[in-house]
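S.K.: This structure is in structure tokens; I'll ask about it shortly.
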Amino acid sequence: MARFDGLAHSSRSRVAPCMKWWQITGLVALGLLLVAIAKPIHAPFHPRAKLNACSANLKQIEEAKTAWAKESGITNVTAAPVGTSLFGSGGFIRDTPICPAEGTYRIGTLAEKPRCSVAGHTL
Ligand SMILES: [Zn+2]
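Here it is, written out as structure tokens:
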């Protein structure tokens, strides 16, 4: 009886480290897989994220232009506000918008949409 128990025990302990090794390997592989999947989603400077951030900036500039025209009583659509009228402490947007892809903004006239110098960055 005691001999049988000893055999059963030793066979179990022979299997157990093997199972643990595979479990650890499996967890590591799963962890690496999750990191590989999660990385593009959380990368803050992914081209898609830059485009979205730039589009949001252009929308803000467009809204600031409309507010500027309304506040100044300007109805001439060829009028073009300058950056200092729109941005800063006295403007409509406190911080000057900066394209995350290092593009430069062209505010344009009231009839035009603000533009970014980076291709594909549109309102
Ligand atoms: Zn841009």
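Residues 5 to 127 in the numbering used here are what the sequence shown spells out, letter by letter. Beta carbons are placed, not taken as given, at the ideal position from N, Cα and C, and that holds for glycine.
1. Apart from the five residues just before and just after S59, which ones in its own chain have a Cβ nearer than 8 Å to its Cβ?
2. Please report the residue range of the alpha helix (DSSP H) in which K117 lies.
3. Flag this pair as yes or no: are the beta carbons of Q64 and P101 separated by less than 8 Å?
4. Taking C-beta to C-beta, are C120 and G107 nearer than 8 Å?
5. Spatial neighbours of N80 within its chain, please: CB distance less than 6 Å, with the 5 preceding and 5 following residues excluded, ordered by chain position.
6. Write down the C-beta distance between A57 and I97 rounded to the nearest angstrom, noting that I regard them as a contact closer than 8 Å.
7. Look up R110 in the DSSP assignment and give the residues it is bridged to.
8. In the DSSP output, which residue or residues are listed as bridge partners for I97?
9. Looking at the structure shown, is C103 part of a helix, part of a strand, or coil, going by DSSP?
M.R.: Per the coordinate set shown:
1. These residues qualify, in order along the chain: H125, T126, L127.
2. Looking at the DSSP string, K117 is not in any alpha helix (DSSP H), and its letter there is neither H nor E.
3. Contact: yes.
4. A distance below 8 Å separates the beta carbons of C120 and G107.
5. Within the same chain, no Cβ atom closer than 6 Å to the Cβ of N80 is found once the five residues on either side in sequence are excluded.
6. With 8 Å as the limit, A57 and I97 do not qualify as a contact, their Cβ atoms being about 14 Å apart.
7. According to DSSP, R110 bridges with R119.
8. Looking at the DSSP output, I97 bridges to F91.
9. The DSSP-derived three-state label of C103 is coil.
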